[in-house]
Amino acid sequence: MDTIKNELQMNSFDRVLDKLCLTPIGLAGLILLLILPFIPPFNQEYMLRWLIYCGFIAAMSVGFDFTAGFINIVNFGYMAVAGTGGYTSALLVINAGLSPWIAMVAGGVSSAILGLIIGMISLRLRGIFAACLSWFFGLAVMGLATKMVWLTRGPLGLRVPRLFETESNFPFYFLIIILVYLTYLVCKWVVRSKMGLAFQAIGQNMDAARTSGVDPVFYRVFNFTMSCAIAGVLGGFYAHFYGILTPDMMHTSKTVEVLAVAYIGGRGSLWGGAVIAFPFIFLMEIVRSTLSNLPGLNLVIYALVLILVMIYYPGGFSYFYDTHIRHPKNRVLRYLLNGRDA
Amino acid sequence: MSKNYTSYILPWVKTAPGMSIVISIVVTVAATIDAGPYLLVNMVVTGGMLALVATGLTLMLGVLNIPMFAHGEYFMIGSLIAYYIFTPISEFIFEHPESWLVTFGPFIAIIGALAGGAIAGAISEKLVFGPLRRRSTDNWVMNSFLLTVGLSVLLINLHQLIFGADFKGIVGYWQGMPISIADVYVSKDRVMAFIISAVIVALFYLFMTYTRTGMAIRAVSQDIIGAEIVGIDIEKIVLLTISLACALAGVAGGSLLFMYPSYPTVGLEPLYMAWFVVILSGLGNILGAVAGAFMVALLKVITMEYVGAGWDFVVPSALIMFILIFKPSGIFGSDVRGVLDK
Numbered sequence: 072m073d074t075i076k077n078e079l080q081m082n083s084f085d086r087v088l089d090k091l092c093l094t095p096i097g098l099a100g101l102i103l104l105l106i107l108p109f110i111p112p113f114n115q116e117y118m119l120r121w122l123i124y125c126g127f128i129a130a131m132s133v134g135f136d137f138t139a140g141f142i143n144i145v146n147f148g149y150m151a152v153a154g155t156g157g158y159t160s161a162l163l164v165i166n167a168g169l170s171p172w173i174a175m176v177a178g179g180v181s182s183a184i185l186g187l188i189i190g191m192i193s194l195r196l197r198g199i200f201a202a203c204l205s206w207f208f209g210l211a212v213m214g215l216a217t218k219m220v221w222l223t224r225g226p227l228g229l230r231v232p233r234l235f236e237t238e239s240n241f242p243f244y245f246l247i248i249i250l251v252y253l254t255y256l257v258c259k260w261v262v263r264s265k266m267g268l269a270f271q272a273i274g275q276n277m278d279a280a281r282t283s284g285v286d287p288v289f290y291r292v293f294n295f296t297m298s299c300a301i302a303g304v305l306g307g308f309y310a311h312f313y314g315i316l317t318p319d320m321m322h323t324s325k326t327v328e329v330l331a332v333a334y335i336g337g338r339g340s341l342w343g344g345a346v347i348a349f350p351f352i353f354l355m356e357i358v359r360s361t362l363s364n365l366p367g368l369n370l371v372i373y374a375l376v377l378i379l380v381m382i383y384y385p386g387g388f389s390y391f392y393d394t395h396i397r398h399p400k401n402r403v404l405r406y407l408l409n410g411r412d413a
Numbered sequence: 430m431s432k433n434y435t436s437y438i439l440p441w442v443k444t445a446p447g448m449s450i451v452i453s454i455v456v457t458v459a460a461t462i463d464a465g466p467y468l469l470v471n472m473v474v475t476g477g478m479l480a481l482v483a484t485g486l487t488l489m490l491g492v493l494n495i496p497m498f499a500h501g502e503y504f505m506i507g508s509l510i511a512y513y514i515f516t517p518i519s520e521f522i523f524e525h526p527e528s529w530l531v532t533f534g535p536f537i538a539i540i541g542a543l544a545g546g547a548i549a550g551a552i553s554e555k556l557v558f559g560p561l562r563r564r565s566t567d568n569w570v571m572n573s574f575l576l577t578v579g580l581s582v583l584l585i586n587l588h589q590l591i592f593g594a595d596f597k598g599i600v601g602y603w604q605g606m607p608i609s610i611a612d613v614y615v616s617k618d619r620v621m622a623f624i625i626s627a628v629i630v631a632l633f634y635l636f637m638t639y640t641r642t643g644m645a646i647r648a649v650s651q652d653i654i655g656a657e658i659v660g661i662d663i664e665k666i667v668l669l670t671i672s673l674a675c676a677l678a679g680v681a682g683g684s685l686l687f688m689y690p691s692y693p694t695v696g697l698e699p700l701y702m703a704w705f706v707v708i709l710s711g712l713g714n715i716l717g718a719v720a721g722a723f724m725v726a727l728l729k730v731i732t733m734e735y736v737g738a739g740w741d742f743v744v745p746s747a748l749i750m751f752i753l754i755f756k757p758s759g760i761f762g763s764d765v766r767g768v769l770d771k
């Protein structure tokens with residue numbers, strides 16, 4: 072009864088927002104991100120480069136959280152999967168002369184196949200064992216990319232044509248913002264459906280889920296495939312943005328970067344990582360470039376933040392937001408933060 | 430009498446541990462005949478080092494349920510301490526070639542590495558794991574895993590920040606002619622490294638099996654509440670376990686300083702290999718970890734010999750994944766229940 076009343080009360084704006092999985096404040100944030108490159112300190116090219124990197128990490132952390140936050144398995148080879156997508160895309164463009172746009176999708180498909188394989192072979196394992204398996208898989212893929220010099224040029228790096236034929240970073244910035252949002256939207260739609268419920272059930276208690284008639288095999292494999300497909304497309308973006316691809320991209324430390332952002336943002340929220348990535352990675356880049364005589368300081372701060380969050384606030388930013396900010400007394404504020412449905 | 434033995438041995442050979450051990454022995458012998466005895470020596474030295482690191486990892490995982498991702502960093506700490514102890518000693522030896530330090534100086538460095546690893550472990554328990562244990566409510570394995578990821582990044586970058594990223598290595602611990610074993614010349618350092626690791630693993634095994642403290646540690650690993658009821662001081666045991674595990678990694682780093690010079694990410698390779706061992710051999714089984722260490726070392730050495738350097742992550746990890754598909758709990762492990770097992 073309540074829901075029907077809500078449906079009736081919703082005006083069309085709220086309904087569209089709801090379909091787009093945004094709250095008014097989320098929409099404002101998205102608009103802010105879109106006009107950010109025109110605001111003075113951020114309109115320099117190097118700042119834009121940082122912001123694009125923030126966007127890349129944000130999108131990756133959403134895809135990562137889709138696995139880690141819902142079925143509770145850390146895909147520790149996530150960057151290797153993304154790198155596979157990147158290499159597939161780059162090689163298709165270079166050797167087959169495909170357009171980068173189609174090649175990016177092909178990269179996504181190749182990563183999805185990889186995800187399917189990881190999902191299948193990790194079926195018999197749980198928790199940390201599945202994480203280790205995906206990690207070994209990532210190490211093996213990275214080793215392959217390093218050693219197949221005839222194809223990937225190994226550590227020398229593969230020169231990749233860029234997505235847009237300009238020196239400017241502007242189109243890339245808008246593209247990555249769109250990609251962040253699309254990633255979020257697709258994941259959120261899946262999570263909102265019955266499937267998301269099944270994911271959570273599997274993540275929390277697999278035996279109980281199975282007893283209730285949820286088939287873990289299908290859902291786990293589906294989850295892995297989808298999150299890896301996202302990683303593949305984003306890897307293609309990475310390749311065609313930086314214009315150079317080395318096996319270093321697949322390194323575990325890069326996965327750790329994504330993982331840290333996803334967990335500081337809050338597991339199981341999808342938006343937490345995306346929100347936290349922009350200020351956090353941006354600050355890290357500032358620290359790295361201004362204190363370049365102290366190499367590694369930004370990563371020290373990074374690690375300290377991760378450790379402190381894990382000890383004192385394992386729910387991350389989204390948990391903090393949900394418990395302390397989300398439900399203010401003021402009705403207008405509450406509408407802004409939650410949209411109509413709350 | 431001999432019939433009695435065969436009736437024991439035949440069924441054992443048919444089990445997974447028996448089969449894998451027999452296969453590894455056969456492969457070792459075949460490869461040694463084919464490529465030369467240096468392969469066997471390499472395998473034994475690498476295996477001894479891996480056994481130390483992997484035993485520590487098994488201990489952490491079995492007793493405290495911490496999937497330690499930072500274990501390689503204690504290896505790095507050990508090698509760093511050994512370097513800073515041994516450099517002045519080697520200068521002194523250079524001026525006084527007849528002093529007693531020529532023989533015993535390296536032992537001082539290695540014992541320093543052992544103590545340093547233990548102290549570093551105790552400090553990290555006090556600062557990091559202790560607070561997490563007191564605050565953590567659920568999802569302990571994942572939280573502690575992420576914590577160790579942060580710890581690993583922190584220690585690597587602190588090393589880079591304080592000591593710099595250059596290689597801090599030594600030529601060798603013990604001077605003099607290499608020892609000749611079966612027509613192979615093996616440097617004294619390698620022989621000593623193997624002897625040290627063998628002695629320490631043996632001592633450790635005896636400690637765990639026969640002393641009261643070792644029994645207490647095993648009791649805690651089996652049932653933490655039961656152990657508390659019979660009057661075991663959990664806090665003390667946990668502190669002891671962590672410092673023991675880290676001391677094992679530290680002594681491995683110290684005694685292998687001549688092979689692995691100390692630099693920030695030196696610990697990653699032993700860490701990967703140790704995780705291979707732990708996953709391959711299954712959990713909570715120290716003898717299994719030792720046997721698994723030699724198997725992984727064999728895999729690595731054979732890959733280096735017949736496939737080429739640089740493939741030593743690809744082939745072992747592929748093979749381990751293959752084994753895990755059929756034996757998800759590892760070769761020597763007990764039950765890990767996955768999705769497909771009812």
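Residue numbers (our numbering), protein chains in the order written: chain U, 72 to 413; chain C, 430 to 771. Using N, Cα and C, we set each Cβ at its ideal position, and we do this for glycine too.
Query raised in the report: Can you list, in chain order, the residues of its chain whose CB lies under 7 Å from that of residue 398 of chain U, leaving out five sequence neighbours each side?
Result: 405
Query raised in the report: residue 402 of chain U: buried (16+ other C-beta within 10 angstroms of its C-beta) or exposed?
Result: Label assigned to residue 402 of chain U: exposed.
Query raised in the report: Within this structure, are the beta carbons of residue 408 of chain U and residue 96 of chain U separated by less than 8 Å?
Result: yes
Report task. Let me know the alpha helix (DSSP H) ranges lying completely inside the region 694-745 of chain C, each 4 residues or longer, listed in chain order. Result -> 697-710, 715-735
Query - Host alpha helix (DSSP H) of residue 92 of chain U (start-end) - result: Looking at the DSSP string, residue 92 of chain U is not in any alpha helix (DSSP H), and its letter there is neither H nor E.
Query raised in the report: Secondary structure at residue 685 of chain C, three-state DSSP: helix, strand or coil?
Result: coil
Query raised in the report: Along chain U, in chain order, which residues have C-beta atoms closer than 9 Å to that of residue 579 of chain C?
Result: 327, 331, 373, 374, 375, 376, 377, 378, 379, 380, 381
Report task. Output the boundary residues of the alpha helix (DSSP H) element that contains residue 266 of chain U. Result -> Boundaries of the alpha helix (DSSP H) around residue 266 of chain U: 265-275.
Requested in this report: Compute every distance between the C-beta of residue 635 of chain C and the non-hydrogen atoms of the ligand MG, then say whether any falls below 7 Å.
Outcome: Only the bare structure without any ligand can be found here, which leaves the ligand MG out of the picture.
**Report entry** residue 144 of chain U, DSSP secondary structure in three states
**Finding:** Of the three classes helix, strand and coil, the one that applies to residue 144 of chain U here is coil, per DSSP.
Query raised in the report: How would you write the range of the alpha helix (DSSP H) that residue 311 of chain U sits in, first residue to last?
Result: 287-313
Query raised in the report: Is the Cβ-Cβ distance between residue 503 of chain C and residue 679 of chain C less than 8 Å?
Result: yes
Requested in this report: Determine, using beta carbons only, whether residue 725 of chain C and residue 706 of chain C come nearer to each other than 8 Å.
Outcome: yes
Requested in this report: With residue 571 of chain C as the anchor, note down where its alpha helix (DSSP H) starts and where it stops.
Outcome: 569-592
Report task. Take residue 427 of chain C and list the residues in its own chain whose beta-carbon comes closer than 6 Å to its own, dropping the five residues that flank it on each side. Result -> What the structure shows of chain C is the stretch from 430 to 771, and residue 427 of chain C is not part of that stretch, so it cannot be assessed.
Query raised in the report: If you measure from the beta carbon of residue 641 of chain C to each beta carbon in chain U, is any gap under 8 Å?
Result: Not closer than 8 Å to any Cβ of chain U, the Cβ of residue 641 of chain C fails to qualify, so no.
Query raised in the report: When you compare each of C:448, C:465, C:653, C:439 to residue 734 of chain C by their alpha carbons, which one comes out closest?
Result: C:465
Query raised in the report: Considering only residues of the same chain and omitting the five flanking positions on each side of residue 250 of chain U, which have a CB-CB separation below 7 Å?
Result: 130, 305, 308
Report task. For residue 615 of chain C, name the three-state secondary structure that DSSP assigns. Result -> strand
Query raised in the report: Mind checking residue 84 of chain U: buried by the 16 CB within 10 Å criterion, or exposed?
Result: Answer is exposed; the Cβ neighbour count stays below 16.
Query raised in the report: How about residue 592 of chain C: is its C-beta nearer than 8 Å to some C-beta of chain U?
Result: no
Report task. Output yes or no for whether 8 Å exceeds the beta carbon distance between residue 599 of chain C and residue 536 of chain C. Result -> Not in contact: residue 599 of chain C and residue 536 of chain C (Cβ atoms no closer than 8 Å).
Query raised in the report: Going by DSSP, which residues form a beta bridge with residue 415 of chain C?
Result: Here chain C covers residues 430 to 771 and nothing more, so residue 415 of chain C does not appear.
Query raised in the report: With C-beta atoms as the reference, is residue 584 of chain C less than 8 Å away from residue 499 of chain C?
Result: yes
Requested in this report: Counting only runs of 3+ residues fully inside the region 616-654 of chain C, write out the beta strand (DSSP E) ranges in chain order.
Outcome: none
Requested in this report: Under 7 Å Cβ to Cβ from residue 430 of chain C, same chain only, skipping five residues before and after it: list those, please.
Outcome: Low per-residue confidence applies at residue 430 of chain C: pLDDT is 49, beneath 50, and the placement is therefore not dependable enough to give any value.
Query - DSSP beta-bridge partners of residue 230 of chain U - result: U:315
Query - Closest by C-alpha distance to residue 557 of chain C, when choosing among U:217, U:382, U:336 - result: U:382
Query raised in the report: Between residue 386 of chain C and chain U, is there a C-beta pair that is closer than 8 Å?
Result: The displayed coordinates of chain C run from 430 to 771. Any statement about residue 386 of chain C would go beyond what the structure contains.
Query raised in the report: With a cut-off of 8 Å, does the C-beta of residue 651 of chain C fall near any C-beta of chain U?
Result: Residue-level contact check: residue 651 of chain C does not touch chain U, since none of the beta carbons of chain U fall below 8 Å from its beta carbon.
Requested in this report: State the DSSP-derived secondary structure class of residue 83 of chain U, mapped to helix, strand or coil.
Outcome: helix
Query - Test: residue 367 of chain U CB closer than 8 Å to a CB of chain C - result: yes
**Report entry** Minimum C-alpha distance to residue 247 of chain U - residue among U:100, U:290, U:123
**Finding:** U:123
Query - residue 363 of chain U in three-state terms, based on DSSP - result: coil
**Report entry** Selection from C:482, C:694, C:662, C:639 that minimises the alpha carbon distance to residue 720 of chain C
**Finding:** Closest option to residue 720 of chain C, Cα to Cα, is C:482.
Query raised in the report: Just curious, the alpha helix (DSSP H) that residue 225 of chain U is in, first and last residue?
Result: First-last for residue 225 of chain U: undefined, no H or E at that position.
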